[in-house]
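Notes follow once the structure below has been shown.
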Amino acid sequence: MSPNPRSDHGQQHDEPATSGGRTALFSRLTPGSERNLADTLRGERAGGVLLLVGAVVALVWANAWPAAYDAVSQTVVGPSALHLDLTLAQWATDGLLTVFFFVVGLELARELTVGELRHPATAAVPIVAAVGGMIVPAALYLSVNAGRAGGATEGWAVPTATDIAFAVAVLALVGRGLPPALRAFLLTLAVVDDLLAILVIGTVYTESLDLVALLGALACVGVFAWLVRRHRVNGWLLVPLGVAAWAALHASGVHATLAGVALGLVVPASPAATARAHGLAALPEQSLAERWEHRWRPLSAGFAVPVFALFAAGVAVSADVLADAVSDPVAQGVALGLVVGKPLGIVAATWAVATFTRARLAPGLGWGDVLGVGLVGGIGFTVSLLVAELAFGPGSPHDEHAVLAVLVASLLAAVTGGTVLAARGRRRLRTDPAGTASDPVPDEPDGHRQPHPSPPNG
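Residue numbers (my numbering): 277 to 734.
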């Protein structure tokens with residue numbers, strides 16, 4: 277790579293790849309984007325493993341020592357005067373998961389500013405695929421639960437989410453021989469999927485609204501944005517302001533985790549915006565959003581999400597519970613939506629874009645690759661468990677059955693999607709042993725990462 281990647285590769289970063297007048301879907305990445313993707317994959321791979329460990333520990337603990345698990349989960353901590361006397365399980369859901377959504381907000385800011393989502397031609401593909409991957413699972417769920425009493429239809433959004441940590445972890449394990457652009461498509465699709473899930477949580481599952489508290493939360497976010505964009509402020513000094521925004525949003529009735537998204541979205545996500553915010557004469561190698569993402573991701577993937585899984589996945593499993601879950605249309609709809617609806621919606625939406633627009637699949641990519649990504653997209657965990665809790669109430673029979681369905685369906689999606697993608701990768705390696713067609717993601721040691729070049733636009 278040249279000493280000045282911005283001047284040599286700026287056009288490659290700034291414009292979507294085209295071929296013959298048509299935009300290429302999943303086009304190959306520039307070297308800087310590949311390094312950025314490799315860094316993300318390594319972090320998400322570790323996060324996926326820790327997330328799995330948290331879920332397994334929760335299942336073992338809840339079934340081997342249920343009284344102890346319930347006692348810890350229901351331990352109340354926090355000041356009652358501020359209405360923050362929450363159980364540890366609630367702190368994990370409303371508090372720790374905010375860190376996860378803050379990282380999601382930073383990812384969205386970067387994608388919308390300097391990433392794939394800044395170009396309508398390339399943004400349309402993952403957006404349409406994510407929408408298809410949301411509509412079809414929801415429709416399948418409602419087809420199973422339509423007309424049923426007991427609030428069963430409230431869970432229509434449970435099978436619509438993709439867990440980015442698990443999905444990317446599976447892709448990292450079986451992705452040898454697959455092109456990096458396909459992996460980038462999954463990441464972008466999962467980010468858009470998270471955005472859609474955030475909109476659903478904020479609009480559908482908000483039962484009451486305190487406008488004064490909501491305005492207070494918006495004011496905190498506004499001050500946060502003003503400080504982070506116009507003043508040279510130490511990042512840690514902004515934490516109390518972020519906590520105030522979270523507390524106000526919690527009091528408003530809107531799910532408090534959305535404060536993390538709002539705060540992440542207002543952080544400068546391009547080098548030019550970062551230079552303006554900090555009064556720098558030259559463009560920095562990384563934007564503020566990218567630096568913060570690298571700082572906060574270990575806390576999110578290594579602690580916040582696994583602890584959430586520890587308290588969310590602890591359901592009792594017995595012959596009677598399994599029999600009830602299998603016969604419960606809620607569990608049936610969730611499993612059907614994740615295992616069948618997700619890949620069907622993603623593949624169908626991508627096919628529609630490739631058939632009825634000027635976009636097409638990049639050379640060397642087939643519909644088997646898209647099917648594999650669609651199957652992996654059926655791994656729903658973090659957001660699916662959160663939505664199940666919001667829809668049915670924590671600990672309710674429907675909630676427990678939905679949790680079991682999410683766990684089983686996610687395992688099936690991981691196995692089937694991983695199998696398809698591994699077969700595709702092996703096929704490519706047989707026809708191209710040198711890997712020139714797939715350009716596997718470079719596996720640089722963490723201590724030897726190079727700065728990630730960013731586009732020069734602000």
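Ideal placement from N, C-alpha and C gives every residue a C-beta, glycine not left out.
Computed from a prediction, not measured in an experiment: that's the story for all the values here.
Burial state of residue i (16 or more Cβ within 10 Å)
{"i": "residue 359", "result": "exposed"}
{"i": "residue 572", "result": "buried"}
{"i": "residue 724", "result": "With a pLDDT of 34 at residue 724, under the threshold of 50, the modelled position of this residue cannot be trusted, and the question is left open."}
{"i": "residue 701", "result": "buried"}
{"i": "residue 596", "result": "exposed"}
{"i": "residue 631", "result": "exposed"}
{"i": "residue 704", "result": "buried"}
{"i": "residue 674", "result": "buried"}
{"i": "residue 475", "result": "exposed"}
{"i": "residue 459", "result": "buried"}
{"i": "residue 546", "result": "buried"}
{"i": "residue 487", "result": "exposed"}
{"i": "residue 659", "result": "buried"}
{"i": "residue 603", "result": "exposed"}
{"i": "residue 491", "result": "exposed"}
{"i": "residue 347", "result": "exposed"}
{"i": "residue 270", "result": "Only positions 277 to 734 of the chain appear in the structure, and residue 270 is not among them; the question remains open."}
{"i": "residue 356", "result": "exposed"}
{"i": "residue 513", "result": "exposed"}
{"i": "residue 438", "result": "buried"}
{"i": "residue 622", "result": "buried"}
{"i": "residue 707", "result": "exposed"}
{"i": "residue 495", "result": "exposed"}
Strand pairing of residue i, partner residues [DSSP]
{"i": "residue 352", "result": "363"}
Sequence-distant residues of its chain with Cβ nearer than 6 Å to residue i (five each side left out)
{"i": "residue 663", "result": "433 and 434"}
{"i": "residue 440", "result": "466"}
{"i": "residue 518", "result": "539"}
{"i": "residue 685", "result": "611, 614 and 615"}
{"i": "residue 470", "result": "380"}
{"i": "residue 525", "result": "493, 532 and 535"}
{"i": "residue 690", "result": "446 and 655"}
{"i": "residue 477", "result": "531"}
{"i": "residue 345", "result": "337, 338 and 590"}
{"i": "residue 341", "result": "none"}
{"i": "residue 667", "result": "430 and 431"}
{"i": "residue 416", "result": "612, 613 and 617"}
{"i": "residue 323", "result": "441 and 577"}
Proximal residues to residue i (C-beta, below 7 Å), its chain only, five neighbours per side dropped
{"i": "residue 375", "result": "536, 572, 575, 576 and 580"}
{"i": "residue 333", "result": "586"}
{"i": "residue 568", "result": "382, 511 and 543"}
{"i": "residue 582", "result": "326, 327, 329 and 330"}
{"i": "residue 605", "result": "420, 421, 424 and 428"}
{"i": "residue 541", "result": "381, 384 and 385"}
{"i": "residue 274", "result": "No answer is possible for residue 274: the residues shown for the chain start at 277 and end at 734."}
{"i": "residue 565", "result": "382, 385, 386, 543, 544 and 545"}
{"i": "residue 698", "result": "450"}
{"i": "residue 608", "result": "420"}
{"i": "residue 527", "result": "359, 486 and 489"}
{"i": "residue 651", "result": "619, 689, 692, 693 and 696"}
Nonlocal neighbours in the same chain, by C-beta distance under 8 Å from residue i, ignoring five residues either side
{"i": "residue 760", "result": "One cannot answer for residue 760 here, as it falls past the ends of the chain, which runs 277 to 734."}
{"i": "residue 371", "result": "362, 522 and 532"}
{"i": "residue 598", "result": "680"}
{"i": "residue 404", "result": "625, 626, 628 and 629"}
{"i": "residue 426", "result": "674"}
{"i": "residue 669", "result": "675"}
{"i": "residue 287", "result": "The pLDDT assigned to residue 287 is 38, lower than 50, so where the model puts this residue is not dependable, and the model offers no usable value."}
{"i": "residue 600", "result": "673 and 677"}
{"i": "residue 349", "result": "363, 364, 365, 587 and 590"}
CB contact below 8 Å: residue i versus chain C
{"i": "residue 381", "result": "In summary, chain C is missing from the structure at hand, where a single protein chain is found."}
Go through the segment 357-428 residue by residue and report every complete run of the beta strand (DSSP E) that reaches 3 residues or more, in order. Listed in chain order, nothing qualifies, since the segment 357-428 has no complete beta strand (DSSP E) run of 3 or more residues.
Given 8 Å, three or more beta-carbon pairs between the segment 430-438 and the segment 498-514: Note that the segment 430-438 does not touch the segment 498-514; fewer than 3 beta-carbon pairs, one per stretch, sit closer than 8 Å.
Taking 8 Å as the threshold, find out whether the segment 670-682 comes into contact with the segment 643-651 through three or more Cβ pairs. Fewer than three Cβ pairs drawn from the segment 670-682 and the segment 643-651 lie within less than 8 Å of each other, which leaves the two stretches out of contact.
Meets three-Cβ-pair contact criterion under 8 Å: the segment 444-454 and the segment 680-698: In this structure the segment 444-454 lies against the segment 680-698, because at least three pairs of beta carbons, one per stretch, are closer than 8 Å.
How about the segment 609-626 and the segment 365-385: do they share at least three Cβ pairs that are nearer than 8 Å? Cβ pair count under 8 Å is below three, so no.
Please give me, in chain order, every unbroken run of the alpha helix (DSSP H) with length at least 4 that falls completely inside the segment 465-537. DSSP runs (the alpha helix (DSSP H)) wholly in the segment 465-537: 487-506 and 515-528.
Can you list, in chain order, the stretches of the alpha helix (DSSP H) that have 4 or more residues and sit fully within the segment 583-616? Inside the segment 583-616, DSSP marks whole alpha helix (DSSP H) runs of 4 or more residues at positions 595-603 and 605-612, from first to last along the chain.
At which residue ranges does the segment 645-684 contain complete alpha helix (DSSP H) runs of 4 or more residues, listed in the order of the chain? The segment 645-684 contains these whole alpha helix (DSSP H) runs: 658-668.
Three or more C-beta pairs closer than 8 Å, one from the segment 401-416 and one from the segment 588-595: is that the case here? No, the segment 401-416 is not in contact with the segment 588-595.
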